[in-house]
Amino acid sequence: MKYRELLIQLVIRDIKVKYKNSVLGMLWSLLHPTLIMIIMTIVFSQLFKFNIDNFPVYLLSGNIIFNFFSLASSSAMNSIMANASLMGKVYIPKYIFPISKICFEFVNMLISMIALILVIFITKVPIDETVFLSFIPLAYIFIFSLGIGLLLSSVAVFFRDTIHLYSVLLTAWMYLTPLFYPIDIIPEKYILLIYLNPLYYFVECFRSTVLYMEVPSIELNLVCIGYSLTSLVLGLLIFYRKQDKFILYV
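Residue 68 in the working numbering sits at position 68 of the sequence shown, and the numbers go up by one each step.
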């Protein structure tokens, strides 16, 4: 990749900015999902009595996937506007900015995977060699998030309200994804909403490898591949059609 060094430098810059003046620094990538998991485990497994085996791992594995998508797509959405001054000074391929945000959040997600591994061992959840297949759903969600990020970064330049609307959409999206509840509690008349949710399949694919000790089925892989490639192609098409006009609106 011609601009690989620039991409790496942008990711490093984001890491430095995020953890600047923080005492614990990148440890927060471990602590944050762990603390959230503890709180939500108490709330949903004790107070609401959701009967889910290995609930801490169930919860954390879902949150890792959803949080990556949420943070990656949101930061990518703002990336063009945030780097407007840089675009006006020197030629840089505009796609570098949303990609760098996705990569930055992916690094954070990989660090948070350490928390998942620790929870698996602490709670004595049995694992086998299928855990090494977890890179497959991680690749799927990376590609899907990249496509959505490219699309949102294009739209947000021309329609700034997208930023506020998307934050509301993410909240609804979170509740439509079985992160902290079992899918069997959903009434039959609403189950279609779950099945139309791409993140449901990415989360299930990831849980198959780290929790259920199952190789993700061919059908599940095909659905994930379909959503990922559709997102990427759509994002690229819209981004490349609109990118020449960015400088006029940022």
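Where a beta carbon is used, it is the ideal one built from N, C-alpha and C, also for glycine.
Predicted model, so just to flag it, every value in this text is computed and none were measured.
Going by the CB atoms, is the gap between residue j and residue i shorter than 8 angstroms?
i	j	result
residue 130	residue 209	yes
residue 193	residue 176	yes
residue 66	residue 199	yes
residue 166	residue 224	no
residue 111	residue 97	no
residue 75	residue 101	yes
residue 36	residue 54	no
residue 239	residue 137	no
residue 99	residue 7	yes
Count the other CB atoms within 10 Å of the CB of residue i; is the residue buried (16 or more) or exposed (fewer)?
i	result
residue 207	buried
residue 17	exposed
residue 171	exposed
residue 143	buried
residue 134	buried
residue 217	exposed
residue 169	exposed
residue 56	buried
residue 31	exposed
residue 190	exposed
Have a look at residue i and residue j and give me their C-alpha separation to the nearest angstrom.
i	j	result
residue 77	residue 246	13 angstroms
residue 211	residue 248	49 angstroms
residue 205	residue 89	43 angstroms
residue 214	residue 60	18 angstroms
residue 182	residue 119	20 angstroms
residue 153	residue 222	27 angstroms
residue 155	residue 162	7 angstroms
residue 125	residue 132	15 angstroms
residue 91	residue 85	11 angstroms
residue 164	residue 4	32 angstroms
residue 34	residue 82	30 angstroms
residue 117	residue 58	12 angstroms
residue 243	residue 188	43 angstroms
residue 195	residue 220	12 angstroms
residue 115	residue 121	10 angstroms
residue 109	residue 15	13 angstroms
residue 51	residue 20	41 angstroms
residue 186	residue 174	14 angstroms
residue 160	residue 10	24 angstroms
residue 231	residue 197	13 angstroms
residue 13	residue 38	31 angstroms
residue 241	residue 226	23 angstroms
residue 87	residue 113	34 angstroms
residue 157	residue 184	40 angstroms
residue 151	residue 2	23 angstroms
Q) On the three-pair Cβ rule with 8 angstroms, is the region 144-151 touching the region 233-240? A) yes
Q. Any contact of the region 100-110 with the region 69-78, i.e. 3+ C-beta pairs under 8 angstroms?
A. yes
Q | Start-end ranges of the alpha helix (DSSP H) lying completely within the region 83-169, minimum 4 residues | A | 84-89, 96-122, 135-158
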